[in-house]
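Notes for the one structure printed next.
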Amino acid sequence: MNTVRSIGRYRIEALLGTGAMGEVYRAHDPAIDRLVAIKVVRPELVAGSGGAQLLERFRREARAAGRRFHPNIVAI
0 MNTVRSIGRY
10 RIEALLGTGA
20 MGEVYRAHDP
30 AIDRLVAIKV
40 VRPELVAGSG
50 GAQLLERFRR
60 EARAAGRRFH
70 PNIVAI
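Residue numbers (numbering that gives the first Met the number 0): 0 to 75.
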């Protein structure tokens, strides 16, 4: 994990994994006193010529996951 200790209001606790699009962190949200997962897109992917398309894909993924309600799927 790099030296990032927080992202916005979220306190980073651990790196959970990495993938083609970026990294996923376990973090604490003090506003609701709950553990959350934060996915961070790799900056070099966004800076490239396909950056806008990648961000739209990321948003679609988040919307699709947000419509799912299941005990084994993380709530968004």
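Cβ coordinates follow ideal geometry from the N, Cα and C atoms, glycine included.
Distance CB(residue i)-CB(residue j) smaller than 7 Å
i: V40; j: G21; result: yes
i: L44; j: L53; result: yes
i: A63; j: I75; result: no
i: A13; j: V23; result: no
Spatially closest choice to residue i from the options, by CA coordinates
i: I97; options: G16, A19, A26; result: For residue 97 there is no data in the structure shown, the boundaries of the chain being 0 and 75.
i: K38; options: A19, H69, R67, R66; result: A19
i: D28; options: Y9, G49, S48; result: Y9
Opening and closing residue of the beta strand (DSSP E) in which residue i lies
i: A46; result: Not the beta strand (DSSP E): A46 falls in the alpha helix (DSSP H), residues 42-46.
i: A13; result: 9-17
i: A26; result: 21-28
Boundaries (first-last residue) of the alpha helix (DSSP H) holding residue i
i: R58; result: 50-65
Alpha carbon of residue i to alpha carbon of residue j, nearest angstrom
i: G65; j: A51; result: 21 Å
i: R56; j: P70; result: 24 Å
i: M0; j: F68; result: With a pLDDT of 46 at M0, under the threshold of 50, the predicted position of this residue should be treated as unreliable, and no value is reported.
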